[in-house]
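Here the sequence shown is numbered in our numbering, starting from 3 and rising by one per residue.
Where a beta carbon is used, it is the ideal one built from N, C-alpha and C, also for glycine.
Keep in mind the model is a prediction, meaning the values are calculated, not measured.
Here's the structure, in structure tokens; my notes come after.
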Amino acid sequence: MGRFNDLKGVFGLLPTPYTEDYEIHTPDLRAAANFCCSSGQHGIVWPVMVGEFYFLGEEERIRNLHAVLEEINGRLPLVFGCSGVSVPQVLLFARAAQAAGADAIIAMAPAQTNAAIAIDMFKRLGDAYDGPIILQNAAAYAPLTGEQIAMLVEQVPQIQYIKEERPPGPRHIAEVHQL
Numbered sequence: 003m004g005r006f007n008d009l010k011g012v013f014g015l016l017p018t019p020y021t022e023d024y025e026i027h028t029p030d031l032r033a034a035a036n037f038c039c040s041s042g043q044h045g046i047v048w049p050v051m052v053g054e055f056y057f058l059g060e061e062e063r064i065r066n067l068h069a070v071l072e073e074i075n076g077r078l079p080l081v082f083g084c085s086g087v088s089v090p091q092v093l094l095f096a097r098a099a100q101a102a103g104a105d106a107i108i109a110m111a112p113a114q115t116n117a118a119i120a121i122d123m124f125k126r127l128g129d130a131y132d133g134p135i136i137l138q139n140a141a142a143y144a145p146l147t148g149e150q151i152a153m154l155v156e157q158v159p160q161i162q163y164i165k166e167e168r169p170p171g172p173r174h175i176a177e178v179h180q181l
């Protein structure tokens, strides 16, 4: 687990630059991470759900996790995006984040799953990663109810943050908050 346990402020989404051969251009990724450190933001999220994570191979994603952590060198917290195409892949990325020293992780259930699978996955994330977990809840995937989220927060102490994306967002945020 990283140095930062309390995530506050503005967290920028780190873009993933590619070469003409569709490989991650690691020097440019490092340069973007370094820019984020000098831009006044309070943390970095990489890779992101609606961005390029579907296109990243497991090995290149983990290799570049290490590159980003090395580049930022503790100047900002890194939230590592663990979302994947399957529950085993999500858990693989969570274990990689744990081993590398990422400050937090963010994950959502893979597409084509259901709430029961999502609940099980988040419980298993708590076993795979010791630091703060951000539960991303999107209507297009396996959306959880406010009651289910509240239960997970109670059962998995690492779930400290919720990124609620079900429309209308404010109503669902209030529902979770009341529970």
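Member of the options whose CA lies at the smallest distance from the CA of residue i
i      : options                         : result
Leu15  : Cys39, Tyr24 and Pro145         : Cys39
Leu137 : Asn66, Tyr131, Gly76 and Glu166 : Glu166
Glu72  : Gln91, Pro49, Arg97 and Asn36   : Asn36
Val89  : Glu61, Asp122 and Asp105        : Asp122
Residue i (DSSP reduced to helix, strand or coil)
i      : result
Glu166 : strand
Val81  : strand
Gly45  : strand
Asn36  : helix
Gln114 : coil
Phe6   : coil
Tyr143 : coil
Gly14  : strand
Gln160 : coil
Other residues of its chain near residue i: CB distance less than 7 Å, five sequence neighbours each side excluded
i      : result
Ala120 : Ala111, Ala144 and Leu146
Rounded straight-line distance, which links the Cα of residue j to that of residue i
i      : j      : result
Glu54  : Leu78  : 22 Å
Val47  : Leu80  : 6 Å
Ile64  : Ile151 : 28 Å
His174 : Arg168 : 7 Å
Asp8   : Ile108 : 14 Å
Tyr131 : Leu154 : 15 Å
Glu156 : Arg32  : 37 Å
Asn75  : Leu94  : 23 Å
Cβ neighbours of residue i in the same chain (closer than 8 Å, five flanking residues each side left out)
i      : result
Ala34  : Leu16, Pro17 and Pro19
Phe57  : Tyr24
Val158 : Phe124, Lys125, Leu127, Gly128 and Ile135
Gln180 : Gly148
Spatial neighbours of residue i in its chain, beta-carbon cut-off 6 Å, leaving aside the 5 residues before and after
i     : result
Gly11 : His44
beta-carbon residue i near the ligand SAM non-hydrogen atom, thresh 7 Å
i      : result
Ile135 : Absent from the structure shown: the ligand SAM. Ligands present: none.
query: Are the segment 82-89 and the segment 106-114 in contact at 8 Å, needing three or more beta carbon pairs?
result: yes
- request: Could you tell me whether the segment 15-30 touches the segment 118-136, where touching means 3 or more Cβ pairs closer than 8 Å?
  value: no
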